[in-house]
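Input: a single structure, listed below in structure tokens.
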Amino acid sequence: MSRVPLVKDGTIPAGSKARLDEIHGAFGATPNMFRAVANSPAALASMWASFGALGAGVLGARLGEQIAVAIANRNGCEYCLAAHTVLGRKAGAGADEMAAAQVGESSDSKTAAALRFALKLVDESGRVADADVQALRSAGFDDEQIVEIVAHVALNLFTNYVNVALAVPVDFPPVRLRDAA
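According to numbering that gives the first Met the number 0, the sequence shown is numbered sequentially starting from 0.
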């Protein structure tokens, strides 16, 4: 059971109503995470704007979703793991690709470099070395893409913390958390 109410018609804060309508239009439903976050119109505005900005970014949806499942798996966020697995499949990633991404792996060397970097950011609380950033450049990422990877990690930490801390019920097909290889 969620530790905050999942807002419903009649209980939606006025400042969240229009944004929840946008979210419902984008998904065809209103996922529980957004119903929980809608308790704070400011938090909902921040989260939704970040999704929109990064969705229009240069990394592409597929890599963004692979990063999301890696971060969710590392943080034990079953909600985000389930949601981003569905979204990753919609973005063209196969089931095997999404499962590999959970533990920071990919058969594509460029994707693997991004996942390693993303997980290192999480594990080291952002304290990466020059060599870690250089490894991304060597894999073919430019500065814009590197900054965007960091932004994806930050957004996913936000969503993971919301879902884990507030015990938001999963409303996507469940995906099993995996141990790192």
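The beta-carbon is built from N, C-alpha and C at its ideal position, and this holds for glycine as well.
- If you look at residue 20, you'll find it in the alpha helix (DSSP H) that goes 13-26.
- Residue 78 and residue 130 have their alpha carbons spaced roughly 33 Å apart.
- Annotated as proximal: residue 5 and residue 168, with beta-carbon spacing under 9 Å.
- Secondary structure remark: continuous alpha helix (DSSP H) runs of at least 4 residues inside the region 70-134, in chain order: 77-89, 94-101, 108-122.
- With distances taken between CA atoms, residue 82 lies nearest to 33 out of 117, 33, 108, 135.
- For residue 34, the enclosing alpha helix (DSSP H) covers residues 31-36.
- Closest in C-alpha terms to residue 170, from the list 31, 7, 24, 10, comes 31.
- Nearest C-alpha to residue 125 among 149, 22, 112: 149.
- Counting along the chain, residue 158 sits inside the alpha helix (DSSP H) bounded by residues 142-164.
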